[in-house]
Amino acid sequence: MSLHGGSEFGFELACCRWAERRWPLEESDRPVVVARQLGTKRRRWDTIVLECDREGLRQRALFGPERLNGDLLHVVRNAPAEWGYYRDVLPHPGYPWRYVRESIHEAADRGILETRRDGNRIEIRRKWAYPDWVERVVAIENKPDLDASAARTLGPQLEYDVAMGLADEVWVATRQTGDRVVPALFEDLPVEAGILSLDLDELEVEVAWHPRTLSVENRGTRILERPTGSGRDASAARFEYVDPAEKADRRLAIAERAYERGWRSFAETMRPDCKAFELRSQNQLLPYCRAKDCLPTAAECSGSCPAFEPEPPTWRTRGWPIEGGPGKRLTRLLEKRRRRRRPGL
198 MSLHGGSEFG FELACCRWAE RRWPLEESDR PVVVARQLGT KRRRWDTIVL
248 ECDREGLRQR ALFGPERLNG DLLHVVRNAP AEWGYYRDVL PHPGYPWRYV
298 RESIHEAADR GILETRRDGN RIEIRRKWAY PDWVERVVAI ENKPDLDASA
348 ARTLGPQLEY DVAMGLADEV WVATRQTGDR VVPALFEDLP VEAGILSLDL
398 DELEVEVAWH PRTLSVENRG TRILERPTGS GRDASAARFE YVDPAEKADR
448 RLAIAERAYE RGWRSFAETM RPDCKAFELR SQNQLLPYCR AKDCLPTAAE
498 CSGSCPAFEP EPPTWRTRGW PIEGGPGKRL TRLLEKRRRR RRPGL
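For reference, each letter of the sequence shown is one residue, going 198 to 542 in the numbering used here.
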């Protein structure tokens, strides 16, 4: 019996593991970073795959495993090779300089920027040039049961992705059933979106529909409101254009968050310190609840669960509280595997 069961969360983890092992679909030695449940204020994707430049990815590791937010990126990407007063060497950020000073202090504390004082003036110098490490961004929506209703619901979301062009490609991943994808489903999905059919047991896929590469370097179109489609609604869709520079900044922000989080971070939102929590293997390590005999979601695996029972103190006496018990060890194991996908850490 598959550990993934009928869980959409289990399907999501299987898709992430497959992408980590098999992406890109064509023969390539390009490294990838895979994360899940990431996006922007208006749009969140189930799976994100970053196709990376190998040397650029190693250089990115110099800046540490934590993400660089927009303010930090503004500082480290524009910091000069020689000492200079920060207001003279950094472009105006579009917000008060006091926030830039806070970012400079944070970057210095993290050891990714050099600073010194010249009287009351803060001078900065970069330690390393921030690399161009992300080559392509691929977004995947996971719909294990892609029936007509799911396709109609998913259609507007994919139309938004295609119009914005934040990702280079958008895909829909669905469970492989042995039957071919019903052609009628294609009518409800944009032709620019690809469709993957995933075998959960073998972690192999078939491509039911190839996507088109989106124009990430051109301006995007953000759909704000669309007509209801009823016979009485003759209104036009409301939209706005998004500048290519803004798109580039958002793509990098998403990449930084993906680099930090990865997809094995589910232990951070669950309770591995529960007696019933364990990791089971089926081509990958999956969270499992012995009390409920299922692969739990983060909402199910929480301190409010009626079956939650903390690890006994005797399990944690050795090394407690630094090393902890089995739950701590499981978390460290997942963290180790997450770091392994980021060369140079």
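Backbone N, C-alpha and C define an ideal beta-carbon position, used for all residues, glycine too.
Determine, using beta carbons only, whether residue i and residue j come nearer to each other than 9 Å.
{"i": "M467", "j": "P441", "result": "no"}
{"i": "W280", "j": "A364", "result": "no"}
{"i": "L411", "j": "G352", "result": "no"}
{"i": "G459", "j": "A258", "result": "no"}
{"i": "R435", "j": "V230", "result": "no"}
{"i": "S462", "j": "R535", "result": "yes"}
{"i": "T159", "j": "E338", "result": "Because the chain here runs from 198 to 542, residue 159 falls outside it and cannot be looked at."}
{"i": "E386", "j": "I392", "result": "The identity of residue 386 in the sequence shown is Leu, whereas the question assumes Glu. For L386 and I392, yes; Cβs fall inside 9 Å."}
{"i": "H271", "j": "L287", "result": "yes"}
{"i": "S346", "j": "A370", "result": "no"}
{"i": "E508", "j": "G522", "result": "yes"}
{"i": "A211", "j": "Q481", "result": "yes"}
{"i": "R372", "j": "F206", "result": "no"}
Classify residue i as helix, strand or coil using the three-state DSSP reduction.
{"i": "R534", "result": "helix"}
{"i": "A450", "result": "helix"}
{"i": "D398", "result": "coil"}
{"i": "M198", "result": "With a pLDDT of only 47 at M198, under 50, the local geometry of the prediction cannot be trusted, and the value read off the model is given with reservation. Three-state DSSP puts M198 in coil, outside helix and strand."}
{"i": "A496", "result": "coil"}
{"i": "L386", "result": "coil"}
{"i": "I309", "result": "coil"}
{"i": "Q354", "result": "helix"}
{"i": "Y292", "result": "coil"}
{"i": "V413", "result": "coil"}
{"i": "R372", "result": "strand"}
{"i": "E224", "result": "coil"}
{"i": "P509", "result": "coil"}
{"i": "G541", "result": "coil"}
{"i": "T528", "result": "helix"}
Could you please give me the residues that DSSP links to residue i through a beta bridge?
{"i": "C249", "result": "V331"}
{"i": "W406", "result": "I392"}
{"i": "V367", "result": "A336"}
{"i": "F474", "result": "C486"}
{"i": "W242", "result": "L235"}
{"i": "P469", "result": "According to DSSP, which records beta bridges pairwise, P469 is partnered with nothing at all."}
{"i": "F436", "result": "I420"}
{"i": "I321", "result": "G281, T312"}
{"i": "C491", "result": "C486"}
{"i": "V273", "result": "Looking at the DSSP assignment, V273 forms no beta bridge with any residue, so it has no partner."}
Assuming residue i contacts residue j (C-beta within less than 8 Å), just tell me the rounded distance between them.
{"i": "L449", "j": "V331", "result": "7 Å"}
{"i": "R454", "j": "R264", "result": "5 Å"}
{"i": "A336", "j": "T418", "result": "Not quite, the Cβ-Cβ distance comes to about 16 Å (not below 8 Å), so this is no contact."}
{"i": "Y248", "j": "R333", "result": "Inspection of the sequence shows that residue 248 is occupied by Glu rather than by Tyr. Sure, about 4 Å apart at Cβ, within 8 Å."}
{"i": "A276", "j": "L310", "result": "6 Å"}
{"i": "L527", "j": "A464", "result": "6 Å"}
{"i": "R416", "j": "V439", "result": "6 Å"}
{"i": "Y574", "j": "V273", "result": "Given that the chain is displayed from residue 198 to residue 542, the structure contains no residue 574 and the question cannot be resolved."}
{"i": "I543", "j": "Y282", "result": "Outside the modelled stretch of the chain, which goes from 198 to 542, sits residue 543, for which no answer is possible."}
{"i": "Y357", "j": "I451", "result": "Rounded, the Cβ-Cβ distance is 15 Å, inconsistent with contact."}
{"i": "P469", "j": "P228", "result": "The Cβ separation is near 28 Å, so there is no contact."}
Counting only C-beta atoms, is residue i closer than 9 Å to chain C at any point?
{"i": "E508", "result": "Absent from the structure is chain C; it holds one protein chain and no more."}
Say whether the segment 319-338 touches the segment 297-309, bearing in mind that this needs 3 or more beta-carbon pairs closer than 8 Å, one atom from each stretch. yes
At a cut of 8 Å, does the segment 486-504 reach the segment 395-411 through at least three beta carbon pairs? no
Stretch-stretch touch, CB-based, cutoff 8 Å, three pairs: the segment 366-377 with the segment 309-317: no
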